[in-house]
Amino acid sequence: MKKAVCFAVLFVTLLSFTSCSGNTKSREIKNRVIIQGIGFDTAENGKLLISFQTLNTDVSTNSSSDSSPDSLVKCYKTEALSLSEALKNLASATGKMPLVSQNRIVIFGSNFARVGITYCLDEFIRDAENRFTVISAVSQSRAEDIVFAALGENVIPARICEKVLKQSASKPENCATELYEVINSVLTDRAFVLPVIAVNDREETEFLTVTGAGLFKDGKLVNILNPDVFKGIGFLKNRVRDGSLGIMSDGGVLSVNIIKSKTEINFENTDKIRTHVRIRTTCSLAENNRDFLKPADTEFIKKTEELTSAETTKLVETSLRECIINNSADVFGITERIKRKYPSAFKNGDIDIKDIEFSVYTESKIEKTGDFAVRVSGREK
């Protein structure tokens, strides 16, 4: 009896090793198609037209390969009813299992986004392999144009695109939006913005630029705003940690570097709801402004502080006007905070966001100046 049990255990063990070795072989990198970018457009027949940018693993895993630099990536597109069907089509075309956990960008074509992106987000939630921190954006034209863009030799274009969108992560112009933020906004019926990007040509080389801020309501692209809207959003959401602002001075454009920034938002409910925004920034004037700098001129420093405060206030007020007044879209999360603070004010229905009054006050201080950004003497830190 004991021998029979031992033989049975040995058989099961051998069977397990055999199946595991088979799975391991199929999961090797060279046997997978590694997705770096996904784009969503609408085909002429109404189906999804999904573009994929993938690593050419035959080149990426073999440094001795004599393939051309362009073969670092391969691009595919397929018509399908869903992302899962498109992945099956990709597997059939390549003979390899797709790997989506390494994806870097999700791009929505502008026409596709105007119809609505909610439908295609469902599978990103259901599939555990998908990265929720992947960067999302809207193409000024078709998503295919971004996914298929060359962007130079011997590069992986999706990484370049990701870098362009993430390089300003803590700066006023920050526009990087991760997929989980999009999903959360759609599921909670919140308005949000995504960067609008385009491919441009310069000396026979393609490059990416952020051309606008795509405003979404109910999961649909409803308007494309000036990209400066991102700066106001950055200050209002207290995300600005560094970066610079261009200030118009008597001698031209003066670059003011932000050392730190803090935003406070308070509410008042009397005859109507008022929102008070207070921003404090600490800045420096570095050596790139040597034609302007007058370290001993306190009047010049004071004037620059006033100009910096005015520019910051202008950016925030412009974002509020473009989103809330002109498009009735609260991308800042202000109405949610008001509802939590004054729940009784919403018992008989939602308050029209346009009825909320806003006041913005900015206080900027120049802490350092000179060729090496020396601390201004006699000034508080």
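Just so we're on the same page, the numbering used here is the position in the sequence shown counted from 1, plus 45. For every residue, glycine included, the Cβ atom is placed at its ideal position computed from N, Cα and C.
Quiz item: If you count every other CB in all the chains shown that lies within 10 Å of the CB of glutamate 207, and 16 or more means buried, which is it?
Solution: buried
Quiz item: Just the Cα atoms here: how many angstroms apart are glycine 67 and glutamate 89?
Solution: Legend: pLDDT at glycine 67 = 47, less than 50; position of this residue unreliable, value from coordinates given subsequently. So the two alpha carbons sit approximately 41 Å from each other.
Practice problem: Determine which residues share a DSSP beta bridge with glycine 378 and list them. | Solution: Partner(s): none; glycine 378 has no beta bridge.
Quiz prompt | Strand pairing of glycine 217, partner residues [DSSP] | solution = Sequence check: residue 217 is proline here, not glycine. The partner list for proline 217 (beta bridge, DSSP) is empty, contrary to what the question assumes.
Practice problem: Provide the residue span of the alpha helix (DSSP H) that contains alanine 188, from first to last. | Solution: 188 to 192
Quiz item: Using a Cβ-Cβ cut-off of 8 Å (strictly less than) and excluding sequence neighbours within five positions of lysine 317, which residues of its own chain qualify?
Solution: Asp400, Ile401 and Glu402
Quiz item: Can you round the beta-carbon distance between phenylalanine 153 and serine 184 to whole angstroms, since I take them to be within the 8 Å contact cut?
Solution: 7 Å
Quiz item: Secondary structure at serine 404, three-state DSSP: helix, strand or coil?
Solution: strand
Practice problem: Could you tell me the distance, in whole angstroms, from the CA atom of threonine 407 to the CA atom of methionine 142? | Solution: 54 Å
Self-check item: Helix, strand or coil at leucine 352 [DSSP, three-state]
Solution: helix
Exercise. Identify, in the order they occur along the chain, each residue of the same chain with its Cβ nearer than 7 Å to the Cβ of isoleucine 79, setting aside the five sequence neighbours on each side.
Key: Thr99, Leu100, Thr102, Leu144 and Gln147
Quiz item: Are lysine 275 and leucine 224 touching if we call contact CB-CB under 9 Å?
Solution: The residue you asked about is not lysine; residue 275 is phenylalanine in the sequence shown. Their beta carbons are not under 9 Å apart, which means phenylalanine 275 does not touch leucine 224 by this criterion.
Self-check item: Reduced DSSP secondary structure (H/G/I, E/B, other) of proline 240
Solution: strand
Quiz item: Going by the CB atoms, is the gap between arginine 77 and arginine 149 shorter than 9 Å?
Solution: no
Quiz item: Does the distance from the C-beta atom of isoleucine 396 to that of aspartate 375 stay below 9 Å?
Solution: no
Quiz item: What's the call for phenylalanine 364, buried or exposed, on a 16-neighbour Cβ count within 10 Å?
Solution: Per the sequence shown, residue 364 should be read as serine rather than phenylalanine. Serine 364 should be labelled buried.
Quiz item: Which of the three DSSP states, helix, strand or coil, is assigned to aspartate 86?
Solution: strand
Self-check item: Neighbourhood of phenylalanine 312 by C-beta, 8 Å cutoff - its chain only, sequence neighbours within 5 removed
Solution: Ile318, Arg319, Thr320, His321, Arg382, Ile383, Lys386 and Tyr387
Practice problem: Just the C-alpha distance for leucine 94 and glutamate 124, rounded to the nearest angstrom, thanks. | Solution: 5 Å
Self-check item: Helix, strand or coil at phenylalanine 177 according to DSSP, with G and I counted as helix
Solution: coil
Practice problem: Check the DSSP bridge columns for glutamine 98 and list the partner residues they point to. | Solution: Gly82 and Cys120
Self-check item: Per-residue burial, glycine 140 [other beta carbons within 10 Å of its own, 16 or more giving buried]
Solution: exposed
Quiz item: Can you give the Cα-Cα distance for lysine 216 and asparagine 283, rounded to whole angstroms?
Solution: 11 Å
Practice problem: Apply the 10 Å Cβ neighbour rule to threonine 326 and answer buried if 16 or more other Cβ atoms are within range, or exposed otherwise. | Solution: buried
Quiz item: Tell me which same chain residues have a C-beta within less than 6 Å of the C-beta of alanine 355, skipping the five on either side of it?
Solution: none
Quiz item: DSSP puts lysine 262 in a beta bridge; with which residues?
Solution: Lys265
Quiz item: When you compare each of Ile303, Gly279, Val118 and Gly297 to glycine 288 by their alpha carbons, which one comes out closest?
Solution: Ile303
Quiz item: Taking the C-alpha atoms as reference points, what is the distance between asparagine 245 and valine 255?
Solution: 11 Å
Quiz item: Looking at C-alpha atoms only, which residue of Ala258, Val192, Val267 and Asp167 is the closest neighbour of alanine 490?
Solution: Past the boundaries of the shown model lies residue 490; the chain is included only from 46 to 426, so the question cannot be answered.
Self-check item: C-beta contact flag for leucine 117 and valine 209 at 9 Å
Solution: no
Practice problem: Mind listing, in chain order, the continuous alpha helix (DSSP H) runs of no fewer than 4 residues lying wholly within the stretch 269 to 318? | Solution: 274 to 281
Quiz item: Can you tell me whether DSSP reads proline 114 as helix, strand or coil?
Solution: Interpretation of proline 114 is limited by its pLDDT of 44, a score under 50 that renders its predicted location unreliable; the figure taken from the coordinates is listed afterwards. Here proline 114 sits in helix by DSSP.
Exercise. State the DSSP-derived secondary structure class of asparagine 372, mapped to helix, strand or coil.
Key: coil
Quiz item: Rounded to whole angstroms, how far is the Cβ of glutamate 226 from the Cβ of glycine 84, which I believe are closer than 8 Å?
Solution: Glutamate 226 to glycine 84, Cβ: 19 Å. No contact.
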